[in-house]
Amino acid sequence: MGADLKVIGNADQDAQVECQIRDLTVTFTTDSGEFPALNHVNLDIIKSKITAIVGESGSGKSTLGLAILNGVAFPGKVTEGSVDFAEHGNVLKLRGKALRHFRGPVVGTVFQASQNAMNPLARVGKQILDLGRSHHYKDPRKLLHEAENLARRMAMDPSRVLTAYPHQLSGGMRQRMGIIMALVLKPKVLLLDEPTTALDLLTQSAVLEIIRSIHRERHLTTILITHDMGVVAEISDYIVVMYAGRVVEQGSTHETLRDPRHPYTRAILRAIPRLTGDLNRARPLEGSPPDLTQIPATGCVFRSRCSYRVPQCDLVAPILESVDTGHFVACHQEGLIRD
Amino acid sequence: MATANLPTSHEHIKPWTPPTFWSIAWKALRRKPSRMLGLGILVFYVLMAVFGPMLYPANLPTNPANIYASPSWAHPLGTDFEGTDVLALIVTGSRYVLYSAGLAAFFTVSIGAILGLVSGYFRGWPEAIIMRIADFFLTVPGFPLLVVLSTVWNFGNPVSMGLVLGLTGWAALARAVRSQTLSLRERSFVEAARGLGLSRRQIVFGEVFPNTAPYVAMHFLLAITGSIYLEVGLFFLGVVPFSTNNWGVMLNLAFSQAGAMYSTRALPYLLSPLFCIMSLTFGIVLFLGAVDEVLNPRLRSV
Amino acid sequence: MIEVRKLEKVYPPVVGGLLSHNEVRALRGVSLSISDGGALSIIGESGCGKTTFGRILAGLESYSGGDIAMDGIALNSLPNNERQPYFRRIQLIHQDPYTALNPSHTILHAMAVPLRIQAKLQKKNDDWVLKRSKELLAMVGLDPVGTLYKYPHALSGGQRQRVVIARALTVDPKVLVADEAVSMIDVSMRLSILNLLSDLRVRLGIGIVFITHDVAAARYIAKDGALCVLYRGEVVEYGQTDEIIVRPVHPYTQAMLSAMPVLRGLEEAGPDRYIPLEGMDDFEGEGPGCLFAPRCRHATTLCQEQHPDLVPWDDRLSSSSHHHACFYPIPRNVVARPINRENAL
């Protein structure tokens, strides 16, 4: 598989691909054996769009995020595949200096807990200057100016937040500082790993609003990794649903949410309580999220929790196939689910 | 199909019983050959200390005609300045060394763990008092303190030796256990235990202590080696009166009487106790990994 | 029946050091009641006092004023050492199932220790303890034999939270206080934990106090119960759950509800949805007026100067339980509506 792979957003005729992931396989080696955290993942990240990668624990979404940065560390190892960025080639081949100049200036990253990603002993402004220095940024004043502008955009008082130590900021402010630090180097790709998980609903919606408006303004290619369907639905253009290291469904967010085709996507959407509508429609998804050490080697990875299971599912792993323009599903029973 | 009606295999499996402590320990030991070696060394020395002295008369025979003999079939490790068999000295001397070191480690660990748990869990004035005393013992250098103590107190017998070493050695462990307790008491399982009506004693010793146990057990083993060094050092310096034969006394005599530093004749006499001390330490260090695994459920493979 | 009357909690000021702050009023006269087998959801942002409220209810923290009455017995009237058995019947379910179980002990141990205390009180033997452990684990939907001898690290987050709930049941609680009890659990498992809590209400008559910032989960738990919106230690709106969600009158409630993500494709945003960006960090300082006034886009000078009390909303469409603390109660339609489709999930 892989060679003649489709562009996920080919509903858009003029869609350009920023990042092309092919056959990406990441294996974790432990005392009790080798386990695939990612299993032949194929993905196109469309330029200037927000692509959301969604999944539960054990889905491999965070490993995928690390692999995009060529940051998979022991005991994990990329055993197969490539991550090609337009103009930069296969990121997995980058080493040393070239890699450092890829992370940051090309792909800016916001981690799940930005508070832990900052140095607790240095003022935020200084950390931004250090960031510029380590990337040989010529004009520190311009960098600070940029940071100030971004802070103002995010409804923070620059003179206050840039002179503060990380612990003096609230969780929401730290998260926004994390976004600022990812953006000051003006990357063309923004990678957000669970950017709102530790935040309150109100702060979350404000941070999402900020991500949305900056994305529009700068035409950033944004990759959002999250477990929260709500966040995905709020801001993303494309959605990639992952389960047990495989992509099980992908397509435009609107289309996929309106008409989810994979049993897992459907089950997840049904398992989210909503604010209005009939509560009795909500159905829990039985079973536990996948445990990396117990993913079956053959057949469909979701079958143990699937209500559409047929004998074929035990034997053959379904491949991602087009069901509609730009909408792909990996399920043997896709046709039946539809009705 | 006929097979479709067969019960699946897991229905036949007997109800799973939990592994016992000993089966877990044995599994942890078997996982690495080095751990078995460590256990072997420990068992060897413990057997030597318990049963070895029974093989020899209370007063070892001397032979003025055969002093500083080289190793031979009759005297595998040679003889000392009185013509006494060095192997016999090693074996009879091991009991004192292991007994007092074991006691010292026991006192160190009990005092250190209890005071650390109490000061870390209850905070307030108990913490302030205990930690100031601990700071005192940590700042005053241990070995010179023991030397000074030996001038006012004859702690030559193994129980007193263990007690003195324990009383002067608990501070580092108490500090470490306290800081672990400080972080553990903030975990919600401690709060849940309070909410469920567990007594303070149950919370401190039943809930908090097991989480520090791997560290405390390792400290116990390391305290044994530390105590051996200290007591041997005290005897070597000669500040503690010799009441019985032990490895420290041997080192002292090899150095002072036999002039082992200047003469190769007494080399087996000097090296034998040194080798014992080193190999015992080596055995303990090899054994440590198994202890951690046994007491820390998270390290066990399921 | 548990009644909380004018509960106050003041954290003393911390002077000096980097973390110095003024006195913090975490709860400002909160009055609420939980009927036997009833459900109450408390929503608000972090720092609104909802966690403090739950901890005080479970007896894990002291309160500075007000009273708690259990079945008509005012706890203030009891000496300190006699309050504990009452507080024990209100059990807190912690947010993080990963730290709520002791990693050094098996599940059996976690269940047996509190059960032995019960066994002593009720003159039961060790067999009863084992039998009851299995019973309770089965009640929360776990396989007792497979779970009893496991250590917490061998269980998934959802399974751990079930064990935590089973452990809370060992003391026959009247009320479970679930503080963000599903926020750290995988999305696919959340609903089944919520169902378990609802199930316990029905089967055992246990009241549930559900503390969260996730309004949809709050609605799910308290569909037939009450919803309480807390802002900086104050109840700003209270009432029947669906009434608050469909016709919120306090601007803060409206902001909270607006912040719920809209599942575009399945839902469409409410016409009055509004996400405030400004002032989200200004928690410091308080004037004589409404605490929410600095962040409120409808605030007037009256709001700056006078403090609104919690009053019933006398609108002909509202039920008598609906209370609010706003000078200008105007219902706004902010929540998302499901799009009607034939092929709905």
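Residue numbers (the working numbering), protein chains in the order written: chain A, 1 to 339; chain B, 1001 to 1302; chain C, 2001 to 2345. By construction, the Cβ of each residue, glycine as well, lies at the ideal position given by its N, Cα and C atoms. The structure presented is a predicted model; accordingly, all values stated were derived computationally and were not measured.
Given a cut-off of 9 Å on the beta-carbon distance, is the pair B/Ser1279 and B/Ile1041 in contact? Locating residue 1279 of chain B in the second sequence gives position 279, counting from the first residue. Locating residue 1041 of chain B in the second sequence gives position 41, counting from the first residue. Taking 9 Å as the Cβ cut-off, B/Ser1279 and B/Ile1041 qualify as a contacting pair.
Residues near A/Val110 by beta carbon distance below 6 Å, same chain, minus five either side: For the purposes of this step, residue 110 of chain A is identified with residue 110 of the first sequence, where counting begins at 1. Result list for A/Val110: Gly178, Ile179, Ala182, Leu192, Pro195, in chain order.
By how many angstroms is the C-alpha of C/Leu2263 removed from the C-alpha of C/Ile2185? As a first step, residue 2185 of chain C must be located in the third sequence, where it is residue number 185. As a first step, residue 2263 of chain C must be located in the third sequence, where it is residue number 263. Looking at the two C-alpha atoms, the distance is approximately 20 Å.
Look at the alpha carbon of A/Leu143 and the alpha carbon of C/Gly2038, and state the distance between them as a whole number of angstroms. One-based indexing of the first sequence puts residue 143 of chain A at position 143. One-based indexing of the third sequence puts residue 2038 of chain C at position 38. Computed Cα separation, rounded: 56 Å.
Could you round the C-beta distance between C/Phe2210 and C/Ala2222 to whole angstroms and report it? I think they count as a contact, below 8 Å. As a first step, residue 2210 of chain C must be located in the third sequence, where it is residue number 210. As a first step, residue 2222 of chain C must be located in the third sequence, where it is residue number 222. 6 Å between Cβ atoms; contact.
Beta-carbon neighbours of B/Arg1123, restricted to chain C and to distances below 8 Å: Walking along the second sequence from the start, residue 1123 of chain B turns up at place 123. Those do not exist, as B/Arg1123 stays about 16 Å from chain C at its closest Cβ, beyond 8 Å.
Tell me the DSSP secondary structure of C/Gln2095 in three-state form. For this step, residue 2095 of chain C is matched to residue 95 along the third sequence. The answer is coil: DSSP assigns C/Gln2095 none of H, G, I, E or B.
Under 7 Å from the C-beta of C/Arg2219: neighbouring residues of chain A: As a position in the third sequence, residue 2219 of chain C is number 219, starting the count at 1. What C/Arg2219 touches in chain A: Pro273, Leu275.
Cβ of C/Ser2156 within 8 Å of any heavy atom in the ligand NAD? Questions concerning the ligand NAD fall outside what the structure shown contains, since it holds no ligand whatsoever.
List the residues of chain C that A/Gln175 touches, going by C-beta distances under 9 Å, in chain order. Translated into positions along the first sequence, residue 175 of chain A becomes position 175. Ordered by position in chain C, no residue passes the 9 Å Cβ test against A/Gln175, which lies about 11 Å from the chain.
Identify each residue in the stretch 1173-1186 of chain B for which the Cβ-Cβ distance to at least one residue of chain C is less than 8 Å, and report them in chain order. none
Does the distance from the C-beta atom of B/Gly1096 to that of B/Pro1158 stay below 9 Å? If you number the second sequence from 1, residue 1096 of chain B lands on position 96. If you number the second sequence from 1, residue 1158 of chain B lands on position 158. In the sequence as presented, Gly is not what sits at residue 1096 of chain B; that position holds Tyr. Yes, the Cβ-Cβ distance between B/Tyr1096 and B/Pro1158 is below 9 Å.
So, is the C-beta of B/Asp1292 closer than 9 Å to a C-beta in chain C? Translated into positions along the second sequence, residue 1292 of chain B becomes position 292. Taking Cβ atoms only, chain C never reaches closer than 9 Å to B/Asp1292, which makes this a no.
At a CB-CB cut-off below 7 Å, which residues of chain C make contact with A/Asp200? Position 200 of the first sequence, counted from the start, is the residue given in the question as residue 200 of chain A. Simply Glu2045, Ser2046, His2213.
What residue range is occupied by the uninterrupted alpha helix (DSSP H) comprising A/Ala67? Within the first sequence, the letter at position 67 stands for residue 67 of chain A. Note, A/Ala67: alpha helix (DSSP H), 61-68.
Given 8 Å as the limit, is there contact between the stretch 2236-2246 of chain C and the stretch 2307-2322 of chain C, that is, 3 or more CB pairs closer than that? yes
Using a Cβ cut-off of 8 Å, pull out every chain A residue sitting near C/Met2256, in sequence order please. As a working mapping, residue 2256 of chain C is identified with position 256 in the third sequence. The contacting residues are Leu201, Leu202.
Classify B/Tyr1262 as buried or exposed, calling it buried when 16 or more other Cβ atoms lie within 10 Å of its own Cβ. Here residue 1262 of chain B refers to the residue found at position 262 of the second sequence. Classification for B/Tyr1262: exposed.
Assign C/Ser2046 to one of three DSSP states: helix, strand, or coil. By 1-based counting over the third sequence, the position of residue 2046 of chain C is 46. DSSP places C/Ser2046 in coil when its eight states are reduced to three.
Quick one: measure Cβ to Cβ for C/Arg2297 and C/Pro2276, integer angstroms, because I've assumed they're closer than 8 Å. The residue given as residue 2297 of chain C occupies position 297 in the third sequence. The residue given as residue 2276 of chain C occupies position 276 in the third sequence. Contact flag correct, Cβ pair sits at about 7 Å.
Short CB-CB distance (under 9 Å) between C/Thr2241 and chain B: Locating residue 2241 of chain C in the third sequence gives position 241, counting from the first residue. Chain B contact via Cβ: absent.
Mind listing which residues of the stretch 2049-2062 of chain C have their C-beta closer than 7 Å to chain A's C-betas, in chain order? none
For a quick check, are the C-beta atoms of C/Gly2054 and C/Asp2179 less than 9 Å apart? On the third sequence, residue 2054 of chain C is found 54 positions in, with the first residue counted as 1. On the third sequence, residue 2179 of chain C is found 179 positions in, with the first residue counted as 1. For C/Gly2054 and C/Asp2179, yes; Cβs fall inside 9 Å.
So, helix, strand or coil for A/Leu5, using DSSP? In the first sequence, residue 5 of chain A corresponds to position 5, counting from 1. Caution is warranted here: a pLDDT of 46 is assigned to A/Leu5, below 50, making its placement in the model unreliable, and the coordinate value is therefore given only provisionally. Three-state DSSP puts A/Leu5 in coil, outside helix and strand.
Give, in chain order, every unbroken run of the beta strand (DSSP E) that is at least 3 residues long and sits entirely within the stretch 1037-1123 of chain B. none
From the DSSP secondary-structure annotation, give me the bridge partner or partners of C/Cys2296. Locating residue 2296 of chain C in the third sequence gives position 296, where the first residue counts as 1. Paired residue(s): none; C/Cys2296 is not in a bridge.
Looking at the unbroken alpha helix (DSSP H) that takes in B/Ala1254, where does it start and where does it end? Sequence index remark: in the second sequence, residue 1254 of chain B carries index 254 (1-based). Taken as a continuous stretch (DSSP letters only), the alpha helix (DSSP H) holding B/Ala1254 covers 1247-1256.
Distance between beta carbons of B/Gly1166 and B/Ala1217, contact taken as under 8 Å: As a position in the second sequence, residue 1217 of chain B is number 217, starting the count at 1. As a position in the second sequence, residue 1166 of chain B is number 166, starting the count at 1. About 16 Å; that fails the 8 Å criterion.
Here's a check: name, in chain order, each residue in its chain whose Cβ is nearer than 6 Å to the Cβ of A/His219, leaving out the five neighbours to either side. Counting from 1 along the first sequence, the entry for residue 219 of chain A is found at position 219. Same-chain partners within the cutoff: Ser48.
Would you say the stretch 2127-2134 of chain C touches the stretch 2069-2077 of chain C, given that touching needs at least three Cβ pairs under 8 Å? no
Could you list the residues in the stretch 245-261 of chain A with a C-beta less than 8 Å from some C-beta on chain C, going in chain order? Thr253, His254, Glu255, Thr256, Leu257, Arg258, Asp259, Pro260
Kindly indicate the opening and closing residues of the alpha helix (DSSP H) around B/Val1285. Against the second sequence, residue 1285 of chain B aligns to sequence position 285. Start and end: 1267-1295.
Using the rule of at least 16 other Cβ atoms within 10 Å of the residue's Cβ for burial, across every protein chain shown, is B/Trp972 buried or exposed? Missing from the structure shown is residue 972 of chain B; chain B here goes from 1001 to 1302 and no further.
Across the stretch 80-100 of chain A and the stretch 115-129 of chain A, are there enough close Cβ pairs to call them in contact, namely three or more that are closer than 8 Å? no
Element boundaries [beta strand (DSSP E), containing B/Gly1162]: In the second sequence, counting from the first residue as 1, residue 1162 of chain B sits at position 162. No beta strand (DSSP E) contains B/Gly1162, which is instead part of the alpha helix (DSSP H) from 1158-1169.
Just checking: is the beta-carbon of C/Ile2117 within a distance shorter than 9 Å of some beta-carbon in chain B? By one-based count along the third sequence, residue 2117 of chain C stands at place 117. It does: the Cβ of C/Ile2117 has a partner Cβ on chain B nearer than 9 Å.
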